Amino acid sequence: DTGVSQNPRHKITKRGQNVTFRCDPISEHNRLYWYRQTLGQGPEFLTYFQNEAQLEKSRLLSDRFSAERPKGSFSTLEIQRTEQGDSAMYLCASSLNLAGKEYFGPGTRLTVT
Amino acid sequence: QKEVEQNSGPLSVPEGAIASLNCTYSDRGSQSFFWYRQYSGKSPELIMFIYSNGDKEDGRFTAQLNKASQYVSLLIRDSQPSDSATYLCAVTRGNRDDKIIFGKGTRLHILP
Numbered sequence: 005d006t007g008v009s010q011n012p013r014h015k016i017t018k019r020g021q022n023v024t025f026r027c028d029p030i031s032e033h034n035r036l037y038w039y040r041q042t043l044g045q046g047p048e049f050l051t052y053f054q055n056e057a058q059l060e061k062s063r064l065l066s067d068r069f070s071a072e073r074p075k076g077s078f079s080t081l082e083i084q085r086t087e088q089g090d091s092a093m094y095l096c097a098s099s100l101n102l103a104g105k106e107y108f109g110p111g112t113r114l115t116v117t
Numbered sequence: 648q649k650e651v652e653q654n655s656g657p658l659s660v661p662e663g664a665i666a667s668l669n670c671t672y673s674d675r676g677s678q679s680f681f682w683y684r685q686y687s688g689k690s691p692e693l694i695m696f697i698y699s700n701g702d703k704e705d706g707r708f709t710a711q712l713n714k715a716s717q718y719v720s721l722l723i724r725d726s727q728p729s730d731s732a733t734y735l736c737a738v739t740r741g742n743r744d745d746k747i748i749f750g751k752g753t754r755l756h757i758l759p
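Listed in order, the protein sequences are those of chains A and B.
In the numbering used here, each residue's number is its place in the first sequence (first place is 1) plus 4.
In the numbering used here, each residue's number is its place in the second sequence (first place is 1) plus 647.
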């Protein structure tokens with residue numbers, strides 16, 4: 005399978021716990037995006053990387069969120085001290101050079117209880 | 648004003664008819680426009696993109712762009728039940744190509 009993969013697919017956690025998600029993009033893609041999607045909404049931009057450099061982080065993202073892409077390959081998204089409002093589908097997408105022509109992974113569904 | 652606006656629907660269209668999905672955007676500098684399809688419980692999939700004013704056709708799909716009116720649409724001809732999904736409009740911000748902004752999506756239901 006040469007598509008975008010995400011792990012885990014589902015995560016249930018208690019409020020206040022930390023969680024970490026992983027995204028493995030298509031191997032030759034240099035751009036990697038993280039989005040959050042809630043029911044009835046379109047994907048909301050969180051952050052993106054070009055190779056290993058994190059070029060932008062949404063103003064909507066609090067300091068509890070951090071993302072990394074070491075060596076420009078896979079990426080991790082960590083949420084510290086989770087809150088119920090963090091419950092959502094977290095989507096990763098990758099592309100070659102251009103935004104828009106993005107390939108999405110299956111997503112990680114986070115439920116905070 | 649939201650950056651990308653779509654009617655959330657649902658839009659119900661009889662099988663075999665033309666489905667017309669519309670999207671408006673606020674940033675006059677946006678240069679690239681995309682339509683994604685998202686089936687329930689699945690992730691978005693790119694189906695069309697358009698950069699220039701006018702029409703672009705790909706099989707049963709036609710994307711239409713009018714930059715002066717800041718309007719982009721997607722037509723689906725000979726609608727099939729398998730076309731039932733949420734259609735997301737996305738545009739690049741300003742004259743940059745580094746990220747896209749999504750609308751909320753329009754739910755399309757094709758009636759057999």
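All residues carry an ideal CB built from backbone N, CA and C; glycine is no exception.
Here the structure is a predicted model, which means the values were calculated and not measured.
Flag this pair as yes or no: are the beta carbons of residue i and residue j separated by less than 8 Å?
i, j, result
"A/A92", "A/L114", "yes"
"A/V116", "A/Q84", "no"
"B/Q717", "B/R675", "yes"
"B/Q685", "B/C670", "no"
"A/S80", "A/R35", "The amino acid at residue 80 of chain A is misidentified as Ser; the sequence shows Thr. Their beta carbons are not under 8 Å apart, which means A/T80 does not touch A/R35 by this criterion."
"B/L697", "B/K703", "The identity of residue 697 of chain B in the sequence shown is Ile, whereas the question assumes Leu. In contact: B/I697 and B/K703 (Cβ atoms closer than 8 Å)."
"B/I748", "B/R754", "no"
"A/G111", "B/G752", "no"
"A/V8", "A/F108", "yes"
Let me confirm a value: residue i is counted as buried when at least 16 other C-beta atoms fall within 10 Å, else exposed. Which label applies?
i, result
"B/D705", "exposed"
"B/K746", "buried"
"A/P29", "buried"
"A/T42", "exposed"
"B/I757", "buried"
"B/L721", "buried"
"A/T6", "exposed"
"A/E106", "buried"
"B/S690", "buried"
"B/S679", "buried"
"A/R40", "buried"
"A/R19", "exposed"
"B/A664", "exposed"
Determine the DSSP secondary structure at residue i, reduced to helix, strand or coil.
i, result
"B/S687", "coil"
"B/S729", "helix"
"A/D90", "helix"
"A/P29", "coil"
"A/K75", "helix"
"B/G701", "strand"
"A/S98", "strand"
"B/V738", "strand"
"A/L114", "strand"
"A/K15", "strand"
"A/N22", "coil"
"B/E662", "coil"
"A/S66", "coil"
"B/K751", "coil"
"A/V8", "coil"
"A/K61", "strand"
"B/E692", "strand"
"B/S716", "coil"
"A/R35", "strand"
Taking residue i as the query, report the chain B residues whose CB atoms sit under 8 Å from its CB, ordered along the chain.
i, result
"A/L36", "Ordered by position in chain B, no residue passes the 8 Å Cβ test against A/L36, which lies about 12 Å from the chain."
"A/E87", "The contacting residues do not exist; A/E87 stays about 23 Å from chain B at best."
"A/E60", "D745, K746"
"A/G76", "Near A/G76 there are no residues of chain B at all, since even the closest Cβ is about 16 Å away, more than 8 Å."
Can you name the residues of chain A whose CB is closer than 9 Å to the CB of residue i?
i, result
"B/T739", "L102, A103, G104"
"B/L735", "G46, P47"
Which residues in chain B have a C-beta closer than 7 Å to the C-beta of residue i? List them in chain order.
i, result
"A/P12", "The premise fails here: A/P12 is roughly 15 Å from chain B at the closest Cβ pair, so nothing lies under 7 Å."
"A/G7", "None at all; the shortest Cβ gap to chain B is about 10 Å."
"A/G20", "Ordered by position in chain B, no residue passes the 7 Å Cβ test against A/G20, which lies about 28 Å from the chain."
Which chain B residues are close to residue i, counting only those with a beta carbon under 9 Å from its beta carbon?
i, result
"A/Y94", "Within chain B, no residue comes near A/Y94; the closest Cβ sits about 11 Å away, beyond 9 Å."
Would you say the beta carbon of residue i is closer than 7 Å to some non-hydrogen atom of the ligand COA?
i, result
"A/T17", "Absence of the ligand COA from the depicted structure is noted, as is the absence of any ligand whatsoever, leaving it without description."
Identify the contact partners of residue i in chain A, using a Cβ-Cβ distance below 7 Å as the criterion.
i, result
"B/P691", "P47, F108"
"B/K813", "Past the boundaries of the shown model lies residue 813 of chain B; chain B is included only from 648 to 759, so the question cannot be answered."
"B/L721", "Under the 7 Å cutoff, chain A gives no residues; its nearest Cβ is about 15 Å from B/L721."
"B/F681", "G104"
Counting only C-beta atoms, is residue i closer than 8 Å to chain E at any point?
i, result
"B/K751", "As a matter of chain content, chain E is missing from the structure shown, whose protein chains are A and B."
Would the stretch 7-22 of chain A and the stretch 55-65 of chain A be scored as touching if the rule is three or more Cβ pairs under 8 Å?
no
For the stretch 95-103 of chain A and the stretch 714-732 of chain B, state whether three or more C-beta atom pairs, one from each stretch, are separated by less than 8 Å.
no
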